[in-house]
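Scroll down for the structure; my scribbles are underneath it.
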Amino acid sequence: MPDVSQLVRLLLVEHLPITLAVVLGLTAVYLLLPRPRGYPPLWGAAAGGAALLAGWFVIRTGALTPETLLFSIFSALAVVSGTLLITQRNPARAALAFALVVLSTCGLFLLLAAPFLMAATVIVYAGAIVVTFLFVIMLAQQEGLSSADQRSREPLLASLAGFLLLGTVLYALARSYQSPHLNDRLREVQQFQTRIQGLSRETALPDERSKQVVAELEKFLRTFRKGDPQKNIPSARILGGESGGDELADAVYEAQDVLEKQQFNLENNRPVQWDEVEQALAEVRRVGDRVVNRLGTFQPRDQTPLSGLSGPPPNRELRRDAAGRPELPAENVAYLGRSLFTDFLIAVELAGTLLLVATVGAIAIAGRRAEGPP
Amino acid sequence: MTAVPLHHYLVVGAVLFALGAIGFLARRNLIVMFLSAEMMLQGVAINLVAFARFRGNLQGQAFVLFTLTVAACEAAIALALILMLYRSRRSLDVSLWQDLREPGQEPTVDEEPLPPPPPEEPLPKLPPAGVEPPHPEETSRV
Numbered sequence: 116m117p118d119v120s121q122l123v124r125l126l127l128v129e130h131l132p133i134t135l136a137v138v139l140g141l142t143a144v145y146l147l148l149p150r151p152r153g154y155p156p157l158w159g160a161a162a163g164g165a166a167l168l169a170g171w172f173v174i175r176t177g178a179l180t181p182e183t184l185l186f187s188i189f190s191a192l193a194v195v196s197g198t199l200l201i202t203q204r205n206p207a208r209a210a211l212a213f214a215l216v217v218l219s220t221c222g223l224f225l226l227l228a229a230p231f232l233m234a235a236t237v238i239v240y241a242g243a244i245v246v247t248f249l250f251v252i253m254l255a256q257q258e259g260l261s262s263a264d265q266r267s268r269e270p271l272l273a274s275l276a277g278f279l280l281l282g283t284v285l286y287a288l289a290r291s292y293q294s295p296h297l298n299d300r301l302r303e304v305q306q307f308q309t310r311i312q313g314l315s316r317e318t319a320l321p322d323e324r325s326k327q328v329v330a331e332l333e334k335f336l337r338t339f340r341k342g343d344p345q346k347n348i349p350s351a352r353i354l355g356g357e358s359g360g361d362e363l364a365d366a367v368y369e370a371q372d373v374l375e376k377q378q379f380n381l382e383n384n385r386p387v388q389w390d391e392v393e394q395a396l397a398e399v400r401r402v403g404d405r406v407v408n409r410l411g412t413f414q415p416r417d418q419t420p421l422s423g424l425s426g427p428p429p430n431r432e433l434r435r436d437a438a439g440r441p442e443l444p445a446e447n448v449a450y451l452g453r454s455l456f457t458d459f460l461i462a463v464e465l466a467g468t469l470l471l472v473a474t475v476g477a478i479a480i481a482g483r484r485a486e487g488p489p
Numbered sequence: 290m291t292a293v294p295l296h297h298y299l300v301v302g303a304v305l306f307a308l309g310a311i312g313f314l315a316r317r318n319l320i321v322m323f324l325s326a327e328m329m330l331q332g333v334a335i336n337l338v339a340f341a342r343f344r345g346n347l348q349g350q351a352f353v354l355f356t357l358t359v360a361a362c363e364a365a366i367a368l369a370l371i372l373m374l375y376r377s378r379r380s381l382d383v384s385l386w387q388d389l390r391e392p393g394q395e396p397t398v399d400e401e402p403l404p405p406p407p408p409e410e411p412l413p414k415l416p417p418a419g420v421e422p423p424h425p426e427e428t429s430r431v
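Rendered as C-alpha cells:
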C-alpha cells in the first residue's frame, strides 16, 4: 500500500518544479491540439509559457555564462517549435517548425562539441528531408486544409500518455543526477569562502568575528562529513554516491584537518592563516564539482576490454577540463572518421547497403501507377 | 566556471521525445505523424551526443551518424508510401485506413461536426455585356 502523504510530499514539495512543468505542459498541449471547436489559442500559449518557466526552474544552473545562456536559448527554441509542430493545423507550417527543431538541436550539438554532426544534420534534415516533406505536402494537399488536420485523435489520452512518460523520465533523471543536498553544501562552502576572503584582508590578531567564523565552519564541516541523522542530512560518503563518495569525504576531512590547526592558533592567540583555510575549501569545491558531474554514471570495470579507437575507453581515468568534463579531441572530423572505420566498419558497410536498398525500395513503391480513380 | 551538466541535455531530449510521441498519437495527418516520429529521433540524438561529450568518447557521435542514415532511408520510403496511400484514398487522413484494425476493435467515428466553412465572398457584379449604351441622337444628316 503506497503511502499517499509520502507521494504528495514527493510530488509537491521535493519535485515541485517537475510536477508544475509537466502539468502545465499537459494543459498547454491539450488546449492547443487541433479540434473542430478549439479553445482560444491564448490560453494554451499562456499555459505553455508558464510550463517553460517551470521547466527553467527544473534545469536552472547557478551562474549565467555564455554556455548556459546559449543552452537555454537553444533548448527553449527546440521545445517551443516542437510544440508548434504537433499543434499546427497546416502541415506545411508543421514542416517548417520541424526545420526549426532541427536547427536548434544543431545548436545543442555545437555546444556538445560535435561540429561534424551539426553540419551533417543541417544538410540531411533541414536540407533534404524537410524539403522532400514540403514537396509531398504541396503535391498531396493542393486544395488547402483537409478535415484530418482539423481533428486530433484522443487529444486528452495522447497528451496524458506523453506527459506521464515525460514526468517519469524527469523524475528518474532528478533522482539519479541531481543531488540537492550536495549542491546546497557546495553553495555554503562558497559562502564561507567569500566570508573568509573578507576576513583575510584584515590580518590582525584574532577577534570575536574570526572565532565565530571558525566555530561555524567547524560545525558545518562536521555535518558535511558525518551527516546528521536527526535532521535527515546524509553524510558526504552517501552524498557523493558510489563513484565519488570516498573522494568527497577525504577532501572534507582534509579541510577539517586544516581548520583544526587554525583553531589551535586561535587558542594560542596567534593570527589565523586564512589563505590555507580558503585553499582547503576551494579544494572541497573542486572535488565537489567533479563528483556532481560524475553522479549517475555507471563506469565499466577496469578489466572490461573496451576499444580505445574512439577516444579513451570510459573505464580509464580521463583528462578533465576545469568544469570536470572529459576532454574531447579538437579534430572532430578526423577522430570521427577513425572511429567509423575502425570500431564501426561493419556498421558503415551495412548502412551503405541500407541506403541502396531504401533507394531501390522507394523507387519501386512510388513508381507504381495509381490504383484508385485517376 | 559552471558548465551545463549532463542531465540538462537529457531533459531536453526527453521533452522532445515526449512531444513527438504525443504528436504521433494525436495527429491524424500522415505527414505530421511522420514529422513527429522524426522529432523523437532528434531527442534521442541529443541524448547520444550528450553522453558522448560527457564520456570523452566519440562512439555516441558515431551512433548518431547511423541514426541519421537510417532516418534518411526511413524518410525516403515513408514518403513513397505516403504518396501511394494518398493516390488510393485521395486524402492524407490516417483514419481512412481504419478498416485495417483488429477484428474486435470499434471504429472511431467523428462525432463533433466540423465548423461550417466560411461563406464565400460574393462575386463582383458586372454590368451585362452587349447592351447598347445610350448615346445622343445625331443632329445632322448628310
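Which chain is which? The protein sequence lines are A and B, in order. Note that our numbering has the first sequence beginning at 116, numbered continuously upward. Note that our numbering has the second sequence beginning at 290, numbered continuously upward. Cβ coordinates follow ideal geometry from the N, Cα and C atoms, glycine included.
Taking the C-alpha atoms as reference points, what is the distance between residue i and residue j?
i        : j        : result
Arg344/B : Ala234/A : 22 Å
Val353/B : Phe231/A : 11 Å
Phe459/A : Thr309/A : 51 Å
Met290/B : Ala330/A : A caution first: Met290/B carries a pLDDT of 48, below 50, which makes its placement in the model unreliable, though a value can still be read off. Using only the alpha carbons, I get a separation of about 29 Å.
Thr474/A : Val138/A : 43 Å
Glu303/A : Arg340/A : 14 Å
Tyr375/B : Ala255/A : 7 Å
Ile311/B : Ile201/A : 8 Å
Val119/A : Leu297/A : 27 Å
Leu336/A : Leu215/A : 49 Å
Leu301/A : Ala445/A : 31 Å
Arg208/A : Val406/A : 45 Å
Arg342/B : Val128/A : 33 Å
Pro411/B : His297/B : 56 Å
Leu415/B : Pro422/B : 15 Å
Pro344/A : Ala351/A : 13 Å
Gly313/A : Arg400/A : 18 Å
Gly164/A : Ser187/A : 14 Å
Leu305/B : Phe213/A : 11 Å
Pro386/A : Asn430/A : 46 Å
Which class does residue i belong to by DSSP, given the choice of helix, strand or coil?
i        : result
Pro206/A : helix
Leu403/B : coil
Gly342/A : coil
Leu127/A : helix
Leu148/A : coil
Gly222/A : helix
Asp118/A : coil
Met290/B : Because the pLDDT of Met290/B is 48, which lies under 50, any placement of that residue in the model is unreliable, and the question is left without a value.
Asn318/B : strand
Ser350/A : coil
Ser492/A : Only positions 116 to 489 of chain A appear in this structure, which leaves residue 492/A out of reach.
Gly312/B : helix
Gly302/B : helix
Asp390/A : helix
Ser422/A : coil
Ser325/A : helix
Between which two residues does the alpha helix (DSSP H) carrying residue i extend?
i        : result
Leu389/B : From DSSP, Leu389/B is part of no alpha helix (DSSP H); its letter is neither H nor E.
Ser291/A : Pro270 to Tyr292
Ala160/A : Pro156 to Val173
Pro230/A : Pro230 to Thr236
Ser454/A : Asn447 to Thr457
Tyr240/A : Taken as a continuous stretch (DSSP letters only), Tyr240/A belongs to no alpha helix (DSSP H), as it is neither H nor E.
Asn380/A : Gly356 to Glu382
Glu464/A : Leu460 to Ala481
Val353/B : Gln348 to Arg378
Can the beta-carbon of residue i be found less than 8 Å from the beta-carbon of residue j?
i        : j        : result
Gln265/A : Pro156/A : no
Ala162/A : Leu314/B : no
Glu357/A : Val402/A : no
Ala351/B : Leu455/A : yes
Leu285/A : Val173/A : yes
Ala395/A : Ala370/A : yes
Ala361/B : Ile244/A : yes
Leu319/B : Leu403/B : no
Leu167/A : Val194/A : yes
Tyr292/A : Leu410/A : yes
Gly426/A : Leu347/B : yes
Leu135/A : Ala191/A : no
Val333/B : Thr356/B : yes
Phe189/A : Leu146/A : no
Arg480/A : Ala369/B : According to the sequence provided, residue 480/A is Ile. The question's Arg does not apply to it. Contact: yes.
Phe278/A : Gly140/A : yes
When you check each C-beta in the segment 206 to 232 of chain A against every C-beta of chain B, which residues fall closer than 8 Å? Pro206, Ala209, Ala210, Phe213, Val216, Val217, Thr220, Leu223, Phe224, Leu226, Leu227, Ala228, Ala229, Phe231 and Leu232
Pull out every residue of the segment 426 to 455 of chain A whose Cβ sits closer than 9 Å to any Cβ of chain B, in chain order. Gly426, Pro427, Pro428, Pro429, Leu433, Arg434, Arg435, Asp436, Ala437, Ala438, Gly439, Arg440, Pro441, Glu442, Leu443, Pro444, Asn447, Tyr450, Leu451, Arg453, Ser454 and Leu455
Using a beta-carbon distance cut-off of less than 9 Å, what residues from the segment 380 to 406 of chain B approach chain A? Ser380, Leu381, Asp382, Val383, Ser384, Leu385, Thr397, Asp399, Glu401, Pro402, Leu403 and Pro404
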